[in-house]
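Everything on this sheet refers to the single structure shown next.
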Amino acid sequence: MHDAQPAVYDPQAVERKWQARWEERGTHRVDLAGARRPFYNLMMFPYPSAEGLHVGNLYAFTGVDIFGRYQRLRGGDVFQPLGFDAFGIHSENYALKVGVHPAELIPRNIENFRTQLRRAGLMVDWRYAVSTTDPAYYKWTQWIFLQLHKAGLAVKKRAAVNWCPACKTVLANEQVVGGYCERHPDTLVEQRTLDQWFFTITRYAAKLLDNLATADWSHSTRTLQTNWIGRSEGADLVFETPGGHRITVFTTRPDTLFGATYVVLAPEHPLVDALTTTECRADVNAYRRKAAAMDVVTRRVGEKEKTGVFTGAYARNPATGGSIPIWIADYVLMEYGTGAIMAVPGHDERDFEFATKFVLPIVRVIAAPGQDAAAAMTRAEPEIPDGRLVNSPGYDGMPWAEAKRAITTALEAKQLGTAVVNYRLHDWCISRQRYWGPPIPIIYCDVCGTVPVPERDLPVVLPQLEDFRPDDTGISPLARNEAWYRVPCPACGRAARRETDVSDTFLDSAWYFLRYPSANRSDVPFDAALTKRWLPVTSYIGGNEHAVLHLMYARFITMALKDLGHLDFEEPFPRFRAHGLIVKDGAKMSKSRGNVVIPDRYIEQWGADTFRMYLMFLGPYQEGGDFRDAGIVGIRRFLEKVWNLVQAHGRTGVPEGGGDQSLAGLMHRTIKRVTVDTEALAYNTAIAAMMEYVNALQKGEPSAALLEPLVVMLAPYAPHFAEECWERFGHTTSVMDARWPAFDSALAVEEQVEFVVQVNGKVRARVVMPRGTAEAAAVAAAQAEPGVARFTEGKVPRKVIFVPDRLVNIVV
Ligand SMILES: [Zn+2]
Ligand SMILES: [Zn+2]
């Protein structure tokens, strides 16, 4: 039987055999209800494009799959579902381009994706697949909208929103990148004032931020999200006018108040009319007309020459009591803050430019350490030094942070100020004037007003629409379907109209992980018992491009559902790791460069196992790597070496006397390294450790006892290959039902080497560390030496020179 196996490694035959057998045996299935050690291993579900699986998808999935298989070999009941994020503009635009209806195109793409994903050898339990375009799924997306609506978290309001002229729809702030559309990097996003549906995510700003502090997340992801939420502490300050008006401004630096030498209002500020004097009215009106005609993006993108006009009015600086002029200028926007600012030209670039142009006073109120008030006044450029106050009677000499609190408190006592916390985060605009999405379940009645669709009437099915092209009116194409659009009011029965906007695709993906375990329940969005057992998600791995989109929206939806009593946890992803990106020959992959790696071609030529391992060998998984065709053959040779060793020695018992003792020591060290590295997603170094081991085995006297643990460790990386080898050892069950090998700590002791530690080139210590210690660990150990710490403490290393196993030179 086994002798009938081909002697040569034929990946295509091996992979076909095991993919069929996995399906037959249900190897990838997990008993959700009976699982004793649930491990929910989540990967970001793909958008099923017509081009098929992108190598970037496969890179991400392979890394997650390795982690999931590893957890299973460690004894976990691993649930690894996958679905399809198939609604949204991307699918719709592609359908328009090729002239096929998305309802026809998407199922085809999904089938294609499934085939490719199976071919890649992923351990997916397909019984729990979901597709966001399935009415059985989006019924519950609409249900979530209704729950939030009931709670006042979904509101329709008129607001300045981002409009992409290319997408012909509004966008969420998170979909605007530097003023441009995320999908159209050459299209400047415009501002339009429209009635739109918003989720009031801002109510959760503090919680979204505070919980990040304890989240086990990649540092980079946490930082991106923290900055996006953008908490700033400051104060609303009041500048009174002689006529009794109160102008409120928000500032993060109340400590600079003594340097506020004028006030600027947005041209649209409601007080402008009342404040403007007769002499200035003509100029002010002319300026306001010009500003109104300008699109807001131009106003916001700040490099242009500063313009503005004086209103003729004055306000009282609440600190100095002095009269300062009130101007209007288009760089102040009504949408942000209060639509008014206090200008501190001594310490703000923009105000400085404005004051210089219009010859307004410039006063410096913070001096750098060692500077006096006079010296501070002679500085040419505005800056905010980390210093003490000057020119601020009553506060002179006080450190700025202390002065910030003291001045705010003093103004609070006079009812001229309030300490406030501000967030950069805005409400999430979820309505889209497009076709390919779940209709928002709302009905408008002339008598009853806005009426939610009753839950029993869900789903509101997206009608088949032949002409679904978006236009520039701001009205969704669904409005063109009269039969669907006209509907009786659920409250009074009179003729009424459906909401014609659909919801943002990021709402579909904000809860899919809640649905997977309950994918086969049609009566509830998520089964209570299964949700309790499987959620929150044990491990989530995905791309950092979703740090402020999907990851933030999913957290918000989970928090809201928890507060509404539907869930008993508020953080869906306690552990998140961001994977890196791969480039091709040093350049970003793109269709226009013609350097996109098509995974199918490589899998056909080399097999899925070699391709998986090669992707993981490109660099640290959390950093990414550079795909070069030339490297792939090295992985193939490695697998062939293992194959040949197993063919030759797979049936040998343990040799007399326990076999080669040096190989046994190396085996335990290898198990230790592969265990630690796989656990830490350092797949490239885990593979390197296995390669070193195999090279040593080739030179020594290998036996089945030395090979079996290797094959189990290879199972997450090259699953079909490992199954075939496992069978060769005489096993009749899947290698995935084996146990991860344990190492004997005594035997796994690393060989020690002495590192020379230098600071600025001078030898300061010698430290003994295991051979192969990585740079970061070696530097940390070096800096912990008292003889080194003396020279590096409190200093930021400028550079580290690292010679493996020999030298650490820290340059400070
Ligand atoms: Zn666009
Ligand atoms: Zn009605």
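Going letter by letter, the sequence shown gives residues 954 to 1765 in this note's numbering. Glycine included, C-beta positions come from ideal geometry on N, C-alpha and C. Every value quoted in this text rests on a predicted model; they were computed, and no experiment measured them.
Counted within 10 angstroms of its Cβ, other Cβ atoms place Asn1270 as buried (16 or more) or exposed: Label assigned to Asn1270: buried.
heavy atom of ligand 2 below 8 Å from Arg1451 C-beta: The closest heavy atom of ligand 2 lies 8 Å or more from the beta carbon of Arg1451.
Nearest-angstrom Cα separation, counted from Ala1213 out to Ala1326: Each residue's Cα considered, the two are about 16 Å apart.
Leu1378 versus Gln965 - alpha carbon distance: A straight line joining the alpha-carbon of Leu1378 with that of Gln965 spans about 51 Å.
Completely contained alpha helix (DSSP H) runs for the region 1388–1475, where each covers 4 or more residues: You should have 1435–1438, 1458–1461 and 1465–1468.
Proximity test, Arg1447 beta-carbon vs ligand 2 heavy atom, cut-off 8 Å: Answer for Arg1447: yes, Cβ within range of ligand 2.
Touch test, the region 1198–1216 against the region 1290–1304, Cβ-Cβ under 8 Å, three pairs minimum: Because the criterion of three Cβ pairs below 8 Å is met, the region 1198–1216 and the region 1290–1304 touch.
Those residues, in chain order, that have a beta-carbon closer than 5 Å to some heavy atom of ligand 1: Listed along the chain, these residues meet the criterion: Cys1117, Ala1119, Cys1120, Cys1134, Arg1136 and His1137.
Sequence-distant residues of the same chain with beta carbon closer than 8 Å to Lys1515, five excluded per side: If we look at Lys1515 and ignore the five residues flanking it on each side, its Cβ neighbours are Asp1521, Phe1522 and Glu1523.
Assigned secondary structure, Ala1481 (DSSP; H/G/I helix, E/B strand, else coil): DSSP places Ala1481 within a helical segment (H, G or I) once states are collapsed to three.
Close-in-space but distant-in-sequence residues of the same chain around His955 (CB under 7 Å, 5 per side omitted): Summary for His955: the model assigns pLDDT 48, below 50, so the residue's position carries little reliability; its value from the coordinates is reported in the next sentence. Only residues of its own chain outside the window of five on either side were considered, and among them Arg1681 have a CB closer than 7 Å to the CB of His955, listed in chain order.
Reference Thr941, options Ala1003, Gly1021, Trp975 and Ala973, closest by Cα: This structure cannot settle anything about residue 941, because the visible part of the chain is limited to 954 through 1765.
Candidates Val967, Val1490 and Arg978, of which the one nearest Asp1690 by Cα: Looking at the Cα atoms, Arg978 is the closest of the given residues.
Whole-Å CB distance - Glu1707 paired with Arg1717, under 8 Å assumed: Their Cβ separation, rounded to whole angstroms, is 14 Å, which puts Glu1707 and Arg1717 out of contact at 8 Å.
Under 9 Å between C-beta atoms of Met1643 and Val1627: In this structure, the beta-carbon distance from Met1643 to Val1627 falls below 9 Å.
Whole-Å CB distance - Phe1037 paired with Pro1001, under 8 Å assumed: Between Phe1037 and Pro1001 the beta-carbon gap is near 5 Å, inside 8 Å, which marks them as a contact.
Cβ shell of Lys970 (< 6 Å), same chain only, five flanking positions each side left out: Once the five neighbours on either side are set aside, Lys970 has no close Cβ partner at all.
Cβ neighbours of Ala1731 in the same chain (closer than 7 Å, five flanking residues each side left out): The residues are Phe1708, Met1722, Phe1755 and Val1761.
Backbone secondary structure at Met1351 - three-state DSSP: If DSSP states are grouped into helix, strand and coil, Met1351 belongs with coil.
Asp1454 classed as buried or exposed, judged by whether at least 16 other C-beta atoms fall within 10 angstroms: Answer is buried; the Cβ neighbour count reaches 16.
Same chain, Cβ closer than 8 Å to Val1749, neighbours up to 5 away in sequence not counted: These residues qualify, in order along the chain: Val1765.
Cβ distance (whole Å) where Tyr1465 is taken to contact Thr1140 below 8 Å: Here Tyr1465 is actually not in contact with Thr1140; their C-beta atoms are around 29 Å apart, not less than 8 Å.
Buried or exposed (CB count within 10 angstroms, at least 16 for buried), Glu1746: Answer is exposed; the Cβ neighbour count stays below 16.
Check: Val1440 C-beta below 8 Å from any heavy atom of ligand 2: Checking the Cβ of Val1440 against ligand 2 gives no.
Buried versus exposed call for Asn1434 [16 or more other C-beta atoms within 10 Å across all chains shown]: Buried.
Heavy atom of ligand 2 within 8 Å of Val1406 beta-carbon: Not under cutoff, so the answer is no.
Terminal residues of the alpha helix (DSSP H) in which Lys1172 lies: Reading the sequence as shown, one finds His at residue 1172 and not Lys. Residues His1172 to Ile1182.
Three-state class that DSSP yields for Gly1016 in the structure shown: When secondary structure is reduced to three states using DSSP, Gly1016 falls in the helix class.
Where Ser1778 falls, given that 16 or more other Cβ within 10 Å makes a residue buried: What is shown of the chain runs 954 to 1765, which leaves residue 1778 out entirely.
Simplified DSSP state of Trp971, which is helix, strand or coil: Trp971 sits in a helix when the DSSP states are folded into three classes.
Buried/exposed call for Glu1452, threshold 16 Cβ in 10 Å: Glu1452 should be labelled buried.
Meets three-Cβ-pair contact criterion under 8 Å: the region 1088–1096 and the region 1495–1504: Not touching, per the Cβ criterion.
Delimiting residues of the alpha helix (DSSP H) encompassing Ser1615: Counting along the chain, Ser1615 sits inside the alpha helix (DSSP H) bounded by residues Gln1614 to Glu1632.
Where Ile1383 falls: helix, strand or coil (DSSP): Coil, per DSSP.
Gln1558 burial status per 10 Å Cβ neighbour count (16 or more: buried): Answer is exposed; the Cβ neighbour count stays below 16.
Alpha-carbon spacing of Gly1578 relative to Tyr1636, whole angstroms: C-alpha separation (whole angstroms): 12 Å.
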